[in-house]
Structure formats: C-alpha cells, structure tokens
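Enquirer: Residue numbers (numbering that gives the first Met the number 0): 0 to 122.
Could you have a look at this structure, given as structure tokens, before my questions?
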Amino acid sequence: MKRDMELVRQILFQIESSTGDDIANIQVEDCSPEEIAYHVYLLNDAGLIKAKIFYGVDSVKPDDYAIFRMTWAGHDFLDASRDEGLWQKAMGIIGEQVKSAPFDVIKAILVKMIELQLCQMIV
Numbered sequence: 000m001k002r003d004m005e006l007v008r009q010i011l012f013q014i015e016s017s018t019g020d021d022i023a024n025i026q027v028e029d030c031s032p033e034e035i036a037y038h039v040y041l042l043n044d045a046g047l048i049k050a051k052i053f054y055g056v057d058s059v060k061p062d063d064y065a066i067f068r069m070t071w072a073g074h075d076f077l078d079a080s081r082d083e084g085l086w087q088k089a090m091g092i093i094g095e096q097v098k099s100a101p102f103d104v105i106k107a108i109l110v111k112m113i114e115l116q117l118c119q120m121i122v
C-alpha cells in the first residue's frame, strides 16, 4: 500500500477536531478502513501521533487502532499544511509524484512558502 499525503492530512485534521480521549473511528471519503488503519500506523511510526495499533490474527497488517493524541510534530505539519491554497500550490510544485514524495520534502516546501508569505507581509 502506498502512502497518500492527502489522506495523512485528512486524518490529522480529524484528530485535531476530535474531543474524546481516544479516536477510533476515522472515516475519509473514498478510503477503506484498511487504508486508514495503515496510514494511522504510518503516522504513529513517524511520530506525528500517539496511537495503539492492533493487528489481526496471523497478520502483519494493521487491523484497528486507538489514537490518543497528536504530537508536537503532528501539529507542526498540520499547521504547515492547513491553508488549502498553500497545500494545493505545494502539491503543484511537487507534481504528479505527490503521493510518493518524501514527507520532509513536502513539509519543507510548505514551511518555505509560509516564510515567503511572512516576508512579503513585512516588506
């Protein structure tokens, strides 16, 4: 299964807007529960969230999850990707390879775009 950065972003938005102590039923249009569970696993592995990952019997694939919270790094990425216009512009810069672009590259582009906006506001 490939990493989908738009799905990563949507999951983080849902975690941010949740009010419970744990989040266990994230739904994203056109994404299967398996895709979401895998991306929750990736987010946890990358340190963007704190979650408990559950596996099916005789399976190495994530089967279910309980998300406890978003980490500082998760908040940083979400803040960098929050503006839809900047997100779309960054995805345009990256081009057709966006779903396989390294996370650090995407975040660096978003942060640089925010820095440029702030510099323009100062001048």
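For every residue, glycine included, the Cβ atom is placed at its ideal position computed from N, Cα and C.
On the DSSP letters alone, give me the boundaries of the alpha helix (DSSP H) that I79 sits inside.
Expert: Numbered from 1 along the sequence shown, position 80 holds the residue referred to as residue 79. Note that residue 79 corresponds to Ala in the displayed sequence, not to Ile. W71 to S80 is the extent of the alpha helix (DSSP H) around A79.
Enquirer: So A50 is in the alpha helix (DSSP H); what residue range does that whole segment cover?
Expert: The residue labelled residue 50 in the question sits at position 51 within the sequence shown. Here A50 belongs to no alpha helix (DSSP H); instead the beta strand (DSSP E) covers I48 to Y54.
Enquirer: Sort out for me which residues DSSP pairs I66 with in a bridge.
Expert: Along the sequence shown, one-based indexing puts residue 66 at 67. Beta-bridge partners assigned by DSSP to I66: I22 and A50.
Enquirer: Please state whether DSSP places P132 in a helix, a strand or coil.
Expert: No statement about residue 132 is possible, as the shown extent of the chain runs from 0 to 122 and does not include it.
Enquirer: Determine, using beta carbons only, whether I22 and I66 come nearer to each other than 9 Å.
Expert: Taking the first residue of the sequence shown as 1, we reach residue 22 at position 23. Taking the first residue of the sequence shown as 1, we reach residue 66 at position 67. A contact, by the Cβ cut-off of 9 Å.
Enquirer: For A107, is the classification buried or exposed, using 16 other Cβ atoms within 10 angstroms of its Cβ as the cut-off for buried?
Expert: By one-based count along the sequence shown, residue 107 stands at place 108. Exposed.
Enquirer: To which residues of the same chain is A100 closer than 6 Å at the C-beta, ignoring the five residues directly before and after it?
Expert: The count along the sequence shown starts at 1 and reaches residue 100 at position 101. Closer than 6 Å at the Cβ level, and outside the excluded window around A100, lie I93.
Enquirer: Tell me the DSSP bridge mates of P61?
Expert: Taking the first residue of the sequence shown as position 1, residue 61 is located at position 62. Partner(s): Y54.
Enquirer: I'd like to check one pair, F12 with L109: are the Cβ atoms closer than 9 Å?
Expert: Counting from one through the sequence shown, the residue named residue 109 turns up at place 110. Counting from one through the sequence shown, the residue named residue 12 turns up at place 13. Result no, Cβ atoms of L109 and F12 do not sit closer than 9 Å.
Enquirer: Since L47 and T70 are thought to touch, with beta carbons under 8 Å apart, how far apart are those beta carbons, to the nearest angstrom?
Expert: Residue numbering aside, residue 47 sits at position 48 when the sequence shown is read from its first letter. Residue numbering aside, residue 70 sits at position 71 when the sequence shown is read from its first letter. Yes, they are in contact, since the Cβ atoms of L47 and T70 sit about 6 Å apart, within 8 Å.
Enquirer: Quick one: residues in its chain with C-beta nearer than 7 Å to the C-beta of F102, no 5 flanking neighbours on either side, listed in chain order?
Expert: Taking the sequence shown and counting its residues from 1, one reaches residue 102 at position 103. Once the five neighbours on either side are set aside, the close Cβ partners of F102 are A45.
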